[in-house]
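Residue numbers (our numbering), protein chains in the order written: chain A, 5 to 307; chain B, 5 to 307.
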DNA sequence: CGACTTCTCCAAGGTTGCCTTATGCTCGCA
DNA sequence: TGCGAGCATAAGGCAACCTTGGAGAAGTCG
């Protein structure tokens, strides 16, 4: 088996015409070169060099091997350079998957920072809801998934914390939930609402996981919410609430990009939060571009 | 530094999708593959593989490296095959240099045998006289030189045997010298001639080394030949002798291709021989095509 | 013509790297 | 829940590699 080291040495010998000069060029001693060439000749089974005493010449097999070596070593350095570009953040692709309300706020800032800091990298964004988005991460369809989780209200779900146990979880920010009531609602002007104040109201819930958490919170407050509608589209929630069809809770982050027309937002007591995190695989977390993107996301969230 | 071994292992891993399967394909154990991949990732400085637990996936850097690997390894096997072809006598070039009378007799037979036995090899032939032909061998302009030498008559020239000391000398055959006299000469009908019988004749000598040897032989027989002409062209020698301008000695081998018109050939006593040898460099003697050609030359000479 | 330089090979020694065996762990499956 | 497959790690043995030191040969210069 011919190794790249052999070719590097052979090329140096062919170029310089002597073992000593090749050794100097390669930064090693002359016997090292001599041994490498002996090993190469043994592995090819035919002489490659002619020692005439005065100069070091190549046999036909030697010239043939040198001819191939240039292409092989060029390909090798090209590969090394491409890898180095990825490792050095001069290149690299990060496929990001985010849930909808995350992509409209966190992602654009982080993406802009990333592009400014590392222009060679390519960041792509796809939207998907948490169950599917984590699956995409595990299936290799993306490098980073933005997801959120609610704190475990009453220890009801022992698997809740273990859901991402084999993933790298990078907390980005915690997002407070606020109440949404119709403009004419009796609590529309309140400074804050107790969750039990809404016990008798019809509810408009969000995505399945949000809905499950809502139920948990309400039940731990002593009532079971009556859920009439469920949609994960925040403008739709505002529309439904504004039409007087019910009340809702909503992540504060959603307000940054959606106008609450016809509805009023009021802080809810006790405070309920959801945690927005970035997820990736342990190996991917060590990929420079992924790591940098995680940093940018955390940096954007921190402000 | 990326080594070819790394790429072979990486390709096997990428192809099979697991370390164990790659190890089976490569004929080694799974930890060996694991260590190679760890070493490769360390040398490139970035993760190449994503261990998801269920399957082994490539990172972007990994796919890039695999993409390069196919070309690099293809070049490597192409190089190995070309070398193997040369080593296996399916290819290979031998440049032969011969003195004129050798090329007309020994060489054609050996060349035909070589072509029949190893059709892939290319044998080229150039004619040159010994001092120059040996120089060509040392300068890398040929692989085999056909030359001849005379035995040391009286130990006069200590450097005679040392002339080719650093070369591989392969004896091919010994060529007896015969006398050439005009048809009407008094000794034209003799069964054999003593060299001293020609002491008073004018001589026609051959090439410088032949001439020197002729003088040595005559002097050791007690006289100094009077040399009127010198030419290394055997037809010319016959012409000169046939014209009655002198006598000569000539290698028997030359008779095989030159017709002695107008002259008679007679064995000379004491018998004088020249030895025809093939010369090559020690390293070149180990090149299969060169070695085979030397064998064919020796085989042709043996018959 | 002799000393010096340069180049090569050879031998010995120490270090490194590689491969193997053995073991533990996780995960998927029956 | 036991079982098989796959990967990681540790330890040991072995080969490969590089270095140092020295000898020999050849060219060069004073």
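The beta carbon of each residue, even a glycine, is placed where N, CA and C say it ideally should be.
Nearest to residue i (by Cα), restricted to the options the options
i, options, result
"residue 293/B", "12/B, 213/B, 126/B and 242/B", "126/B"
"residue 218/B", "187/B, 181/B, 238/B and 237/B", "181/B"
"residue 94/A", "117/A, 102/A, 122/A and 70/A", "122/A"
"residue 245/A", "188/A, 48/A and 226/A", "188/A"
"residue 215/B", "253/B, 226/B and 27/B", "253/B"
"residue 132/A", "117/A, 118/A, 124/A and 100/A", "100/A"
"residue 270/B", "282/B, 287/B and 202/B", "202/B"
"residue 263/A", "237/A, 283/A, 284/A and 89/A", "237/A"
"residue 68/A", "66/B, 74/B, 173/B and 87/B", "87/B"
"residue 261/A", "200/A, 104/A and 29/A", "104/A"
"residue 89/B", "120/A, 54/A and 48/A", "48/A"
"residue 268/B", "184/B, 66/B and 5/B", "184/B"
Pairwise C-alpha distance: residue j and residue i
i, j, result
"residue 25/B", "residue 175/A", "37 Å"
"residue 91/A", "residue 43/B", "16 Å"
"residue 20/B", "residue 9/A", "27 Å"
"residue 305/A", "residue 228/A", "34 Å"
"residue 191/B", "residue 154/B", "26 Å"
"residue 78/B", "residue 50/B", "25 Å"
"residue 265/B", "residue 196/B", "19 Å"
"residue 1/A", "residue 61/B", "Since the first and last residues shown for chain A are 5 and 307, residue 1/A lies out of range."
"residue 222/A", "residue 230/A", "10 Å"
"residue 193/B", "residue 220/B", "26 Å"
"residue 22/B", "residue 15/B", "11 Å"
"residue 206/B", "residue 249/B", "7 Å"
"residue 2/B", "residue 255/B", "Since the first and last residues shown for chain B are 5 and 307, residue 2/B lies out of range."
"residue 290/B", "residue 171/B", "13 Å"
"residue 11/A", "residue 52/A", "12 Å"
"residue 57/A", "residue 117/B", "33 Å"
"residue 282/A", "residue 151/A", "6 Å"
"residue 74/A", "residue 178/B", "47 Å"
"residue 300/A", "residue 285/A", "17 Å"
"residue 137/A", "residue 243/A", "27 Å"
"residue 102/A", "residue 247/A", "30 Å"
"residue 161/A", "residue 213/A", "With a pLDDT of only 49 at residue 161/A, under 50, the local geometry of the prediction cannot be trusted, and the value read off the model is given with reservation. Using only the alpha carbons, I get a separation of about 12 Å."
"residue 296/A", "residue 141/A", "18 Å"
"residue 135/A", "residue 167/A", "10 Å"
"residue 106/B", "residue 279/B", "11 Å"
"residue 124/B", "residue 18/B", "38 Å"
"residue 31/A", "residue 307/B", "55 Å"
"residue 76/A", "residue 28/B", "27 Å"
"residue 64/B", "residue 96/A", "7 Å"
"residue 120/A", "residue 5/B", "31 Å"
"residue 303/A", "residue 173/A", "15 Å"
"residue 128/B", "residue 298/B", "14 Å"
"residue 204/A", "residue 139/A", "37 Å"
Supposed contact pair residue j and residue i - C-beta distance, whole angstroms, cut 8 Å
i, j, result
"residue 210/A", "residue 240/A", "Incorrect: roughly 10 Å between the Cβ atoms, too far for contact."
"residue 149/A", "residue 257/A", "Between residue 257/A and residue 149/A the Cβ distance is about 17 Å, and since that is not below 8 Å, they are no contact."
"residue 40/B", "residue 13/B", "4 Å"
"residue 98/B", "residue 169/B", "Rounded, the Cβ-Cβ distance is 23 Å, inconsistent with contact."
"residue 287/A", "residue 54/B", "5 Å"
"residue 7/B", "residue 7/A", "6 Å"
"residue 225/B", "residue 199/B", "5 Å"
Using 8 Å as the threshold, is the segment 74–91 of chain A in touch with the segment 99–113 of chain A, meaning 3 or more CB pairs across them?
no
Could you tell me whether the segment 270–278 of chain A touches the segment 29–36 of chain B, where touching means 3 or more Cβ pairs closer than 8 Å?
no
Relative to chain B, which residues along the segment 273–301 of chain A have a C-beta separation below 7 Å, given in chain order?
285, 287, 288, 290, 291 and 292
Note down, in chain order, all residues in the segment 59–73 of chain A with a beta-carbon under 7 Å from any beta-carbon belonging to chain B.
61, 63, 64, 65, 68, 69 and 72
Quick one, which residues of the segment 27–40 of chain B are near chain A if we go by CB-CB under 8 Å, in chain order?
none
Under 8 Å (Cβ pairs) to chain B, residues found in the segment 84–106 of chain A:
84, 86, 87, 88, 90, 91, 96 and 97
Can you give me, in chain order, the residues of the segment 165–187 of chain A that have a beta carbon less than 9 Å from any beta carbon in chain B?
170
Could you run through the segment 228–248 of chain A and flag, in chain order, every residue whose CB is less than 8 Å away from some CB of chain B?
none
Which residues of the segment 7–19 of chain B have a Cβ closer than 7 Å to any Cβ of chain A? Give them in chain order.
7, 8 and 9
Name the residues in the segment 126–159 of chain A whose C-beta lies less than 8 Å from a C-beta of chain B; which are they?
142 and 144
Mind checking the segment 208–219 of chain A against chain B and listing, in chain order, the residues whose C-beta falls within less than 8 Å of any C-beta there?
none
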